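The sequence shown begins at 5 in this note's numbering and counts up one residue at a time. Beta carbons: idealized from backbone N, C-alpha and C, even for Gly. Only a predicted model underlies this, so the values are computations on that prediction, with no experimental measurement involved. Notes follow once the structure below has been shown.
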Amino acid sequence: MGIDIIFRIAGIGIVTAIVSQILKKAEKDEIATLVTLAGLVIVMIMVITMISQLFDTLRTMFGLF
């Protein structure tokens, strides 16, 4: 875990933005919104997983539970 996570999130953001702009130019605004929402959900799942791993590490480190 390190800088590669930042690059993954940035990559997802860039791809989502490009696809969204292409769809908006094609007058598919509803689908563009769904693509943006899907990108957000993917990134949020990644962040929640990382936070869960952090709490597990802290729990192990301090001997809780």
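| Item | Value |
| --- | --- |
| Which word fits G6, buried or exposed, when buried means at least 16 other C-beta atoms lie within 10 angstroms of its C-beta? | exposed |
| Could you spell out the range, first to last residue, of the alpha helix (DSSP H) harbouring A30? | Unbroken run through A30: none, as it is neither H nor E. |
| Can the beta-carbon of L44 be found less than 8 Å from the beta-carbon of I35? | no |
| Whole angstroms are fine: how far does the CA of Q57 sit from the CA of L82? | With the chain covering only 5 through 69, there is no way to say anything about residue 82. |
| Residues in its own chain within less than 7 Å of I16 by CB, not counting five upstream and five downstream? | G43, I46, V47 |
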